[in-house]
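Engineer: At position 24 of the sequence shown the residue is numbered 24 (the UniProt record's numbering), and the sequence of numbers has no breaks.
Here a beta-carbon is modelled for each residue, glycine too, at the ideal position from N, C-alpha and C.
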Amino acid sequence: MIEIPSDLHKDLVPLAFLLGNWAGAGVHDFPGSEKCNFGQEVTFTHDGRDFLEYHSHSWVLDKDGNKVRPLESEHGFWRIDADRKVEVTMTRDDGVIEIWYGELADQKPQIDLVTDAVARTAASQPYSGGKRLYGYVKSDLMWVGEKQTPEVELRPYMSAHLKKVVTPEEVERWAKALPDDMPDDGIAFFK
């Protein structure tokens with residue numbers, strides 16, 4: 001279910017499907033680094049201004065699904081204009097700062113992004129650009145990232161399937177909003 005908060009900046013309504021806390025798992029595979037499964041938590045929030053704030057933390061998982069160590073962290077800001085053009089500024093823990101441009105697809109909650117500018121600190125690994133695809137599919141957030149370096153052509157390196165995290169406060173709010181005439185057996189509701 002996509003909710004549009006009453007205090008969401010009007011320009012951000014097309015991005016409302018991103019809002020909330022998301023958690024899930026994915027696969028990381030890029031030449032020169034360890035291939036692994038990873039866990040991820042992503043948060044998109046707003047404060048009434050014309051951008052979404054983005055946080056992502058991921059960690060390597062062992063074969064039993066337990067956290068082993070941090071993998072990657074990102075922080076950024078997402079904007080969209082009247083023509084459905086999306087811009088993202090992002091800072092990563094590995095010393096990379098990126099500016100991404102893309103577009104929200106017509107008639108579906110899908111965003112394609114491509115790096116426009118990349119800045120790296122001296123300590124960061126080689127990196128020259130990337131692409132990302134985000135999509136809201138059957139109430140889940142899915143994404144795939146591609147990257148390139150001077151030595152490796154653009155190729156997929158990470159993808160994840162994330163589910164919305166529901167807080168106890170949200171459950172309570174939804175319960176209070178249920179109609180008084182809900183059927184007791186739960187089956188009649190679907191007839």
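#1: Might you give, ordered along the chain, the residues of its own chain that have their beta carbon closer than 7 Å to the beta carbon of W78, omitting 5 neighbours on each side?
#2: Spatial neighbours of R69 within its chain, please: CB distance less than 7 Å, with the 5 preceding and 5 following residues excluded, ordered by chain position.
#3: From this set, K147, V165, W22, which residue's C-alpha is nearest V114's C-alpha?
#4: Hey, Y134 and I111: beta-carbon distance below 8 Å or not?
#5: Under 6 Å Cβ to Cβ from E41, same chain only, skipping five residues before and after it: list those, please.
#6: Going by Cα to Cα distance, which pick from H161, T167, V166, P156 is closest to K35?
#7: In angstroms with no decimal places, state the Cα-to-Cα distance between A122 and G95.
#8: Quick one: residues in its chain with C-beta nearer than 7 Å to the C-beta of V118, no 5 flanking neighbours on either side, listed in chain order?
#9: Under a three-way DSSP split, which group does K176 fall into?
#10: Please look up how many angstroms separate the CB atoms of G32 and H161, rounded, as I've assumed it's under 8 Å.
#11: Buried or exposed: which applies to R173, given that a residue is buried once 16 or more other Cβ atoms fall within 10 Å of its Cβ?
#12: L154 to K176, Cα distance in whole Å?
#13: Once DSSP output is grouped into helix, strand and coil, what is the label at A123?
#14: Mind checking G39: buried by the 16 CB within 10 Å criterion, or exposed?
#15: In three-state DSSP terms, what is A188?
Structural biologist: To lay it out plainly:
#1: Only L15, F51, L52, Y54, V86, V88 meet the Cβ criterion.
#2: Counting only Cβ-Cβ distances below 7 Å, and skipping sequence neighbours, we find W59, V60.
#3: For the options K147, V165, W22, the alpha carbon positioned closest to that of V114 is the one of K147.
#4: Yes; because the gap between Cβ atoms is below 8 Å, this pair is in contact.
#5: Annotation for E41: A23, H57 place their beta carbon closer than 6 Å to its own, counting only its chain and skipping 5 residues before and after.
#6: The option with the nearest alpha carbon to K35 is P156.
#7: A straight-line Cα-Cα distance of about 8 Å links A122 and G95.
#8: So the list reads V96, E98, Y127, S128, G129, once near-sequence residues are dropped.
#9: Looking at K176 - three-state DSSP - the assignment turns out to be helix.
#10: At roughly 25 Å, the Cβ-Cβ gap does not stay under 8 Å, so G32 and H161 are not in contact.
#11: The residue is exposed, with fewer than 16 neighbouring Cβ atoms inside 10 Å.
#12: Rounded to the nearest angstrom, the two C-alpha atoms are 49 Å apart.
#13: Correct three-state label for A123: coil.
#14: Counting Cβ neighbours within 10 Å, G39 comes out buried, since at least 16 surround it.
#15: Note on A188: pLDDT 47, under 50, position unreliable in the model; no value is reported.
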